[in-house]
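Numbering (this note's numbering), first residue to last: 1350 to 1455. The C-beta atom is built at its ideal place from N, Cα and C for all residues, glycine as well. None of the values given here were measured: they were computed from a predicted structure.
Below, the structure written as structure tokens:
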């Protein structure tokens, strides 16, 4: 590993996750009161995820808390918006990379 950490990762691609993320971003864009975890837990999408991933509520809560945190810190790290490609990129060395992702912000 030469000093790098080994992080086990499983990417979940469920429509309910997309629904929750859209709800968080939409509320943020509209300037509504900051969404809290208790609000998200009442959404039908969240209840559906609980049924799909029984025993992993701690993981769902943790990831939703990350979503809520990262939407509030969107502009902390500079990014490049390419409107022709409809992509968000980040400066890596002397180029813009569209393959890098920073959590739920990109």
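Roughly how many angstroms lie between the CA atoms of residue i and residue j, to the nearest whole one?
i: residue 1350; j: residue 1384; result: Its pLDDT being 48, under 50, residue 1350 is placed unreliably by the model, and the measurement read from it follows with that caveat. Roughly 39 angstroms between the two C-alpha positions.
i: residue 1363; j: residue 1414; result: 17 angstroms
i: residue 1439; j: residue 1409; result: 27 angstroms
i: residue 1405; j: residue 1367; result: 18 angstroms
i: residue 1407; j: residue 1437; result: 30 angstroms
i: residue 1390; j: residue 1375; result: 17 angstroms
i: residue 1458; j: residue 1392; result: Residue 1458 lies beyond the stretch modelled for the chain, which goes from 1350 to 1455, so this question has no answer here.
i: residue 1360; j: residue 1435; result: 23 angstroms
Under the three-state reduction of DSSP, which class applies to residue i: helix, strand or coil?
i: residue 1370; result: helix
i: residue 1390; result: helix
i: residue 1401; result: helix
Give the range of the alpha helix (DSSP H) segment to which residue i is assigned.
i: residue 1413; result: 1406–1421
Can you tell me whether residue i is buried or exposed? The criterion is at least 16 other CB atoms within 10 Å of its CB, across all chains shown.
i: residue 1417; result: buried
i: residue 1386; result: exposed
i: residue 1358; result: exposed
i: residue 1449; result: exposed
i: residue 1398; result: buried
So the beta strand (DSSP E) residue i belongs to, where does it begin and stop?
i: residue 1430; result: 1429–1431
i: residue 1441; result: 1436–1441
i: residue 1445; result: 1444–1446
In terms of alpha-carbon separation, which member of the options lies closest to residue i?
i: residue 1446; options: 1433, 1391 and 1428; result: 1428
i: residue 1373; options: 1407, 1406, 1412 and 1360; result: 1412
i: residue 1422; options: 1369, 1377, 1359 and 1371; result: 1377
i: residue 1420; options: 1434, 1359, 1397 and 1369; result: 1369
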